[in-house]
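Asks: So the sequence shown is residues 1225 to 1605, counted in the working numbering.
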Amino acid sequence: MAQTTPSPLHPDAEDARIFDADVHLNVHIDDLVEGGYIDDPMIEDKLDKYGSPPVLGGVTGTSAKYAKEVDERADHILGRAITADELDDVADELGADEMLLTPGNYLPMPHGPYPAVKRAVTEAYNDFLMEEAVDPDRGIYGALLVPDWDVDHGLAELERYGDEDAIISAFNWFSGYRPWGHESHDPLNDKMVELDLPLQMHFGGLTHHPTSLKHDSKRTYIEHVLLDRDEGALAEVLNIIFTGLFDKYPDLDIVINENGTTWIPHLAYRADNWYQNSPEDIRLAPRMKEMGKEYLDKMPSEYIFENMWTTTVPIALPDDPRRAESMLDVSRAEDTFIFATDWPHSAIDGPNWMFDNPAIGEDLQRRIFHENAEEVYRFPE
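1. Could you tell me the distance, in whole angstroms, from the CA atom of L1302 to the CA atom of P1411?
2. Do you know offhand how far K1513's Cα is from L1462's?
3. Grouping DSSP H, G and I as helix and E and B as strand, with all else coil, what is N1481?
4. Residue ranges of each beta strand (DSSP E) run of no fewer than 3 residues wholly in the segment 1451 to 1534, ordered along the chain?
5. Round the Cβ separation of M1354 and D1244 to the nearest angstrom and send it over; I've been treating them as touching at under 8 Å.
6. Quick check on E1322: does DSSP put it in helix, strand or coil?
7. Could you tell me the boundaries of the beta strand (DSSP E) in which P1394 lies?
8. Specify whether the segment 1557 to 1569 and the segment 1504 to 1519 touch according to this definition: at least 3 beta carbon pairs, one from each stretch, less than 8 Å apart.
9. Would L1541 pass as a contact of L1491 if the rule is Cβ separation under 8 Å?
10. Do E1407 and P1510 have their CB atoms nearer than 8 Å?
11. Please classify I1592: does DSSP put it in a helix, a strand, or coil?
12. Look at the alpha carbon of P1434 and the alpha carbon of H1594, and state the distance between them as a whole number of angstroms.
13. Quick check: what's the CA-CA separation for D1544 versus I1488?
14. What residue ranges within the segment 1547 to 1582 form continuous beta strand (DSSP E) runs of no fewer than 3 residues, ordered along the chain?
15. Measuring straight from C-alpha to C-alpha, what distance separates D1312 and I1364?
16. Check whether the Cβ atoms of M1523 and D1471 sit closer than 8 Å, and answer yes or no.
17. Comparing alpha-carbon positions, which option in V1358, D1420, I1465, F1579 lies nearest E1526?
18. Please name the residue, chosen from T1535, T1467, R1494, that lies closest to K1517 on a Cα-to-Cα basis.
19. Which residue comes first and which comes last in the alpha helix (DSSP H) that contains H1377?
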């Protein structure tokens, strides 16, 4: 049964310092149009009449509404908060001292066909984020939407808001245009490193091809959720590493958002194995060739454990505390996990599991709840 009301907070949550790295700012297109955030009259008229920009590339073919017995929209069944005052109430509900706002499900722009519309909506969302939602004094921070489909526009958005105290991360989806490791994104990487901003990547941008396993072979929503998210995240991680992104930008940090944590040992150690077996074409990746490098500076797993983090949601630890402890250890949770709830979606993971699981001691709680985030995000001093 999908969760439709918040669980009561664990008594120890009140005394813990909790940073939530994934609270969705579910701004609708109507909010942007009615609020006067769309400057272009022609685009405003289209959005006002027809809503969200159209999506290319097909859809998943399954529905959360068939899989979850809920009356409300599965993407905000716990509520919708889009202003700082409303979000302050959400923080109390979640036991969060600080939160990071990420775009909701109403901006499917990596799939969209109209560059002018995507540009207008990106600017409108970032304006709304800055003017209505963030408030560093109350611990409400934002992830700036940085389009990968238009690098010049992405740079312009980083110039507009990238040095604001309220912005502690850049944001994009697992790319439907090209993976983040593509060398065309290097101007954005240059700017993010200059601004000391990490990149937070979320599922939702991967193009759906009709011949892929994500279509005709699927029969259930669970297949879609598990396969689509893992495929997008793992493809991005491997592409980022093996195109030499971290060799060129060793100070760049990337957070993989809302893909859980169990992928870490699978990908890290298999990547090491295959790299030791088949490394000779790494030098042909454009960035590696440009730098004159034949091999990576480190083993693939080292980049995962040193340059990449993952939000905990959706957490899927074994029920057996001994096996949970082993999973946390092999994933290096103390170095890679950042707590997140995914509010207000039905798959929400509140903080209670962090207190209820005997495999998680106080030191690890602190690392996951806030210390890892302090190492990654650009909090104001």
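All residues carry an ideal CB built from backbone N, CA and C; glycine is no exception.
Replies: Looking at the atomic coordinates:
1. Mapped onto the sequence shown, residue 1302 falls at position 78. Mapped onto the sequence shown, residue 1411 falls at position 187. Those two C-alpha atoms are separated by around 38 Å.
2. The residue you call residue 1513 lines up with position 289 of the sequence shown. The residue you call residue 1462 lines up with position 238 of the sequence shown. Rounded to whole angstroms, K1513 to L1462 spans 18 Å at the Cα level.
3. On the sequence shown, position 257 is the one that residue 1481 refers to. In this structure, N1481 counts as strand in the three-state DSSP scheme.
4. 1478 to 1481
5. In the sequence shown, residue 1354 corresponds to position 130, counting from 1. In the sequence shown, residue 1244 corresponds to position 20, counting from 1. Not quite, the Cβ-Cβ distance comes to about 20 Å (not below 8 Å), so this is no contact.
6. One-based indexing of the sequence shown puts residue 1322 at position 98. Residue state, collapsed to three classes: strand.
7. Numbered from 1 along the sequence shown, position 170 holds the residue referred to as residue 1394. Note on residue identity: the sequence assigns Ala, not Pro, to residue 1394. Counting along the chain, the beta strand (DSSP E) containing A1394 begins and ends at 1391 to 1397.
8. no
9. Sequence index remark: in the sequence shown, residue 1541 carries index 317 (1-based). Sequence index remark: in the sequence shown, residue 1491 carries index 267 (1-based). Result no, Cβ atoms of L1541 and L1491 do not sit closer than 8 Å.
10. Taking the sequence shown and counting its residues from 1, one reaches residue 1407 at position 183. Taking the sequence shown and counting its residues from 1, one reaches residue 1510 at position 286. Cβ distance < 8 Å, so E1407 and P1510 count as in contact.
11. Start at 1 with the first residue of the sequence shown, and residue 1592 comes out as number 368. If DSSP states are grouped into helix, strand and coil, I1592 belongs with the helices.
12. The count along the sequence shown starts at 1 and reaches residue 1434 at position 210. The count along the sequence shown starts at 1 and reaches residue 1594 at position 370. Unreliable positioning characterises P1434 in this predicted model, as indicated by a pLDDT of 40, which lies under 50. The coordinate reading is nonetheless provided below. If you take the alpha carbons of P1434 and H1594, they lie about 41 Å apart.
13. Start at 1 with the first residue of the sequence shown, and residue 1544 comes out as number 320. Start at 1 with the first residue of the sequence shown, and residue 1488 comes out as number 264. In a straight line, the C-alpha of D1544 is about 20 Å away from that of I1488.
14. none
15. For the purposes of this step, residue 1312 is identified with residue 88 of the sequence shown, where counting begins at 1. For the purposes of this step, residue 1364 is identified with residue 140 of the sequence shown, where counting begins at 1. Cα to Cα, the separation comes out at about 8 Å.
16. Position 299 of the sequence shown, counted from the first residue, corresponds to residue 1523. Position 247 of the sequence shown, counted from the first residue, corresponds to residue 1471. Cβ atoms of M1523 and D1471: not closer than 8 Å.
17. On the sequence shown, position 302 is the one that residue 1526 refers to. Comparing Cα-Cα distances from E1526 to each of V1358, D1420, I1465, F1579, the minimum goes to I1465.
18. Within the sequence shown, residue 1517 is the residue found at index 293, counting from 1. Looking at the Cα atoms, T1467 is the closest of the given residues.
19. Translated into the one-based positions of the sequence shown, residue 1377 becomes position 153. Residues 1375 to 1385.
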